[in-house]
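J.: Handing you a structure now.
Protein chains: 2
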Amino acid sequence: MDAQLKRGVLDVCVLAAIKNEDSYGYKIIKDLSPIVELSESTLYTILKRLETASMLVVRSTEFEGRLRKYYHITPRGLQRILDFKNEWKEIMDIYSFIGKED
Amino acid sequence: MDAQLKRGVLDVCVLAAIKNEDSYGYKIIKDLSPIVELSESTLYTILKRLETASMLVVRSTEFEGRLRKYYHITPRGLQRILDFKNEWKEIMDIYSFIGKED
DNA sequence: TATTGATACCTCGGATTACGATGTATAGCG
DNA sequence: CGCTATACATCGTAATCCGAGGTATCAATA
Numbered sequence: 001m002d003a004q005l006k007r008g009v010l011d012v013c014v015l016a017a018i019k020n021e022d023s024y025g026y027k028i029i030k031d032l033s034p035i036v037e038l039s040e041s042t043l044y045t046i047l048k049r050l051e052t053a054s055m056l057v058v059r060s061t062e063f064e065g066r067l068r069k070y071y072h073i074t075p076r077g078l079q080r081i082l083d084f085k086n087e088w089k090e091i092m093d094i095y096s097f098i099g100k101e102d
Numbered sequence: 103m104d105a106q107l108k109r110g111v112l113d114v115c116v117l118a119a120i121k122n123e124d125s126y127g128y129k130i131i132k133d134l135s136p137i138v139e140l141s142e143s144t145l146y147t148i149l150k151r152l153e154t155a156s157m158l159v160v161r162s163t164e165f166e167g168r169l170r171k172y173y174h175i176t177p178r179g180l181q182r183i184l185d186f187k188n189e190w191k192e193i194m195d196i197y198s199f200i201g202k203e204d
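Sequences listed follow chains A and B, in order.
If you're matching positions, the first sequence starts at 1 in the working numbering and goes up one per residue.
If you're matching positions, the second sequence starts at 103 in the working numbering and goes up one per residue.
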């Protein structure tokens, strides 16, 4: 999928991936891979961004000798998902415009 | 609408705006404004980009003393629209993922 | 034992691109 | 004469996706 098309949806995808259950970087990529491919460098950039924006909080733990950071969504993060869904109507209008008269 | 969300769709919107009839910069903005807002600086950047990519060709004319450049879509531009429509399925999958379990 | 692959984190630089600010120029209206 | 609409263009800034590279642990394989 085109990189430009991903912008604006990747943030929300990551939030959706942790919405129902706390998750960590590596697992988020695996969970999202059937829907959207994203590189590790992209994901960790996004996670940092979302943390700065208070849309999620981080909890570091140790798991079998390895560091693991769990990400938990905040009310602000949940609101971001709702906002996106409201914007969806506009996206659909764009699609209708592009597809009309064929 | 969020600027990031526009990336990847604006190009196709502009192509769709000239698909059925040749048009020029100022008119394209007016035609698109109900669906997507875009500034002049953005549009002319896009038009240049699409021209470089051979998705449209330009024809300069004089209209009532003012310069007017008409843009005409090419087969490659039409193909770009088709490619976008094929990518749409992936966008819908993303939306389903974000919206599931509410 | 050594090597590979999976897991798990991170940083840096390059490329793309939307947009505000700014500039140029003509036509028409009050 | 000033203002608005029309019509084009450039420049710099900010955002952000990704490849390339780095560190480290553990399990399986050769």
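Even for Gly, the Cβ is constructed at its ideal location relative to N, Cα and C.
Note that the structure is predicted; figures quoted are calculated from it, not measured.
#1: Anything in chain A within Cβ reach of B/V111, meaning under 9 angstroms, just list it in chain order.
#2: Looking at chain B, which residues of the region 13-40 of chain A have a Cβ within less than 9 angstroms of any of its Cβ atoms?
#3: Please look up how many angstroms separate the CB atoms of B/Y197 and B/D124, rounded, as I've assumed it's under 8 angstroms.
#4: Just to confirm my understanding: we take B/K121, look at its own chain, exclude 5 residues before and 5 after, and list those with CB closer than 6 angstroms. What are they?
#5: Residues bridged to B/E164 by DSSP?
#6: Could you check whether the Cβ of B/E166 sits closer than 8 angstroms to any Cβ belonging to chain A?
#7: In whole angstroms, what separates the C-alpha of B/I137 from that of A/V9?
#8: Can you tell me where the alpha helix (DSSP H) with A/D83 in it begins and where it stops?
#9: Hey, how far is the Cα of B/L184 from the Cα of A/I98?
#10: CB-CB under 7 angstroms to B/A119, same chain, minus the five flanking residues each way: which ones, in chain order?
#11: According to DSSP, what are the bridge partners of A/S23?
#12: Just by C-beta distance, which residues in the region 46-61 of chain A are closer than 8 angstroms to chain B?
#13: Rounded to whole angstroms, how far is the Cβ of B/S162 from the Cβ of B/K150, which I believe are closer than 8 angstroms?
#14: Please list the residues of the region 68-81 of chain A that have a C-beta atom closer than 7 angstroms to any C-beta atom in chain B, keeping them in chain order.
#15: Considering B/V116, what are the terminal residues of the alpha helix (DSSP H) in which it resides?
#16: Would you mind reading off the limits of the alpha helix (DSSP H) that contains A/S41?
#17: Could you check which residue in B/D104, B/V160, B/Q106 has the C-alpha nearest to that of B/G127?
#18: State the beta-bridge partners of B/V138 as determined by DSSP.
T.: Let me spell this out:
#1: Result: Q4, L5, I91, I94, Y95, I98.
#2: Those residues of the region 13-40 of chain A that come within reach of chain B (Cβ to Cβ, closer than 9 angstroms) are C13, L15, A16, A17, K19, N20, L32, P34, I35, V36.
#3: Actually they are not in contact, since the Cβ atoms of B/Y197 and B/D124 sit about 34 angstroms apart, beyond 8 angstroms.
#4: Closer than 6 angstroms at the Cβ level, and outside the excluded window around B/K121, lie I175.
#5: For B/E164, which the question treats as bridged, DSSP gives the partners B/L169.
#6: Chain A, which has no Cβ nearer than 8 angstroms to the Cβ of B/E166, makes this no.
#7: Cα to Cα, B/I137 sits roughly 19 angstroms from A/V9.
#8: Its alpha helix (DSSP H) spans residues 75-99.
#9: Straight-line Cα distance between these residues: approximately 10 angstroms.
#10: Correct list, in chain order: S125, I130, D133, L134.
#11: Under DSSP, the beta-bridge partners assigned to A/S23 are A/Y71.
#12: Going along the region 46-61 of chain A in chain order, one finds no residue with a Cβ nearer than 8 angstroms to chain B.
#13: With 8 angstroms as the limit, B/S162 and B/K150 do not qualify as a contact, their Cβ atoms being about 14 angstroms apart.
#14: Residues of the region 68-81 of chain A that bring their beta carbon within less than 7 angstroms of a beta carbon in chain B comprise I81, in sequence order.
#15: In the DSSP assignment, B/V116 falls within the unbroken alpha helix (DSSP H) covering 112-119.
#16: 40-52 is the span of the alpha helix (DSSP H), which, as asked, contains A/S41.
#17: B/G127 has its Cα closest to that of B/V160, out of B/D104, B/V160, B/Q106.
#18: For B/V138, no pairing in a beta bridge is given by DSSP.
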